[in-house]
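Residue numbers (this note's numbering): 16 to 300.
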Ligand code: SAM
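Here you go:
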C-alpha cells in the first residue's frame, strides 16, 4: 500500500504523523490511560518491546517532559523511563534505552540497576507471544499467560482501545495492584507457571480467591476503551487536496534506524547494481 493511500485509509496512521508519533500505536496507550489512569504518580516505568518507540514517546511526553519543565523540577525527581527492545531505536528525551531480550534475566537485572533496586511503578508491553498457527498450542500459551496474570494481579481487564483495528483480535491486558504470591521468588517463575498450567497444579499455592478451581472459572472482563468522540479505527482520513488536486502524504516521523530488513535491501540493491553493471559491460563489448 502506498504512503498516500495508507494516509487516506487509516486515520490513526495519518494522525500519528501529524502529531509526531513514530507509530499509530501511541494512540492505543493514550486511550488505555484515558480509561485506567495508568500514569498517575508514576516515577519509574519500563517499556518492554519498545521499538520504534511511540509508547516511549508517550511516556516521555506524559511523564518526563512535564516534570522537567516544571519550575521547581530537580534532576533527582525526574521520572525514570527504561525502554527495552531487541532492535536499537532512535533516541527519545528522558528515555534510557536497553537493547536486549525481555525474556532474558540479565535484561531484567540491567533495568533493576537503573532503578537502584527499586520496583517499577508501571510496566507497559506491546509484545505478545508468537502465534504458531497450531491452535492447541497457541491456546495453551495464551491461557498460561492469563493464569499467570491472575496469579500476580487481583485486577485484570482486557482492554480494546478505539485505535486498535476492529478487524484485529488484538487486546491489551491491564493488570492492577501487583501482589505476588507470598514468598514468591522471581527465580522460581518457570516452576510456578508449570504448576499453574497443569490440570492438578496450584493445589499447594495460596488459592484464597478460588480462581484456580478450573481454567473455566477464570473470567477476565473485556472493556472497549477510548473517548467515545475518538476516531473509529476503520475510519478513513479526509486528506486535504493540494493545488494540483492530489493528496499530500507525510513522511514517517522516525524511520527505524536498524530494521531487520536493512540487509535484504542492501543485498537487493547490490544485486540490481551488479545486473546493471553486467548489462553495461555486454552493451560496451
Ligand atoms: N510499542 C512499540 C511502539 O509503540 O513503537 C511497538 C512495538 S512492536 C509492535 C513489537 C516490538 O517487540 C518489536 O520492535 C520487536 O523487536 C520487539 N520484541 C519482540 N520480541 C522481543 C523480545 N523477546 N525482547 C525484546 N523485544 C522484543
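Every residue, glycine too, gets a C-beta built ideally from N, C-alpha and C.
Original post:
Within the present structure, is the beta-carbon of residue 47 separated from the nearest heavy atom of the ligand SAM by less than 7 Å?
Top reply: Translated into positions along the chain shown, residue 47 becomes position 32. False, no ligand heavy atom lies under 7 Å from that Cβ.
**OP:** Could you name each continuous alpha helix (DSSP H) segment of 4 residues or more that falls completely within the stretch 137 to 200, going from the start of the chain to the end?
**Re:** 150 to 167
**OP:** Answer yes if the stretch 38 to 49 comes into contact with the stretch 167 to 176, meaning at least three C-beta pairs across the two stretches below 8 Å, and no otherwise.
**Re:** yes
Original post:
Which residue from 111, 63, 134 puts its Cα closest to that of residue 304?
Top reply: Residue coverage of the chain in this structure runs from 16 to 300, which leaves residue 304 outside it and unanswerable.
Original post:
Is it true that the CB of residue 135 sits closer than 8 Å to the CB of residue 73?
Top reply: Stepping through the chain shown from its first residue, residue 73 is reached at position 58. Stepping through the chain shown from its first residue, residue 135 is reached at position 120. Against a cut-off of 8 Å, the Cβ pair of residue 135 and residue 73 comes out as no contact.
**OP:** Alpha carbon to alpha carbon, how far is residue 263 from residue 91? Give it in angstroms, no decimals.
**Re:** Stepping through the chain shown from its first residue, residue 91 is reached at position 76. Stepping through the chain shown from its first residue, residue 263 is reached at position 248. Computed Cα separation, rounded: 44 Å.
**OP:** Quick one: residues in its chain with C-beta nearer than 6 Å to the C-beta of residue 43, no 5 flanking neighbours on either side, listed in chain order?
**Re:** On the chain shown, position 28 is the one that residue 43 refers to. Only 176, 178, 179 meet the Cβ criterion.
Original post:
Which residue comes first and which comes last in the alpha helix (DSSP H) that contains residue 131?
Top reply: The residue you call residue 131 lines up with position 116 of the chain shown. From DSSP, residue 131 is part of no alpha helix (DSSP H); its letter is neither H nor E.
Original post:
Regarding residue 95 and the ligand SAM, is the C-beta to nearest heavy atom distance less than 7 Å?
Top reply: Translated into positions along the chain shown, residue 95 becomes position 80. The answer is no for residue 95.
**OP:** Please confirm whether any heavy atom of the ligand SAM lies closer than 7 Å to the CB of residue 142.
**Re:** As a first step, residue 142 must be located in the chain shown, where it is residue number 127. True, at least one ligand heavy atom lies under 7 Å from that Cβ.
Original post:
With C-beta atoms as the reference, is residue 70 less than 8 Å away from residue 139?
Top reply: Locating residue 70 in the chain shown gives position 55, counting from the first residue. Locating residue 139 in the chain shown gives position 124, counting from the first residue. Yes, these two residues count as a Cβ contact at 8 Å.
Original post:
CA-CA distance, residue 331 and residue 27?
Top reply: The question about residue 331 has no answer, for the chain in this structure spans 16 to 300.
Original post:
Among residues of its own chain, excluding the 5 on either side of residue 272, which ones have a beta-carbon nearer than 7 Å to its beta-carbon?
Top reply: The sequence position of residue 272 within the chain shown is 257, counting from 1. Contacts found: 103, 104, 105.
Original post:
Any heavy atom of the ligand SAM closer than 7 Å to the Cβ of residue 250?
Top reply: Taking the first residue of the chain shown as 1, we reach residue 250 at position 235. No.
Subject >> Distance between beta carbons of residue 77 and residue 54, contact taken as under 8 Å >> reply: On the chain shown, residue 54 is found 39 positions in, with the first residue counted as 1. On the chain shown, residue 77 is found 62 positions in, with the first residue counted as 1. Indeed, because the Cβ distance is near 5 Å, the residues count as touching under 8 Å.
**OP:** Have a look at residue 287 and residue 274 and give me their C-alpha separation to the nearest angstrom.
**Re:** The residue you call residue 287 lines up with position 272 of the chain shown. The residue you call residue 274 lines up with position 259 of the chain shown. In a straight line, the C-alpha of residue 287 is about 21 Å away from that of residue 274.
Original post:
Expressed to the nearest angstrom, what Euclidean distance is found between the alpha-carbon atoms of residue 32 and residue 38?
Top reply: What you label residue 32 is simply residue 17 of the chain shown in a count that begins at 1. What you label residue 38 is simply residue 23 of the chain shown in a count that begins at 1. Each residue's Cα considered, the two are about 8 Å apart.
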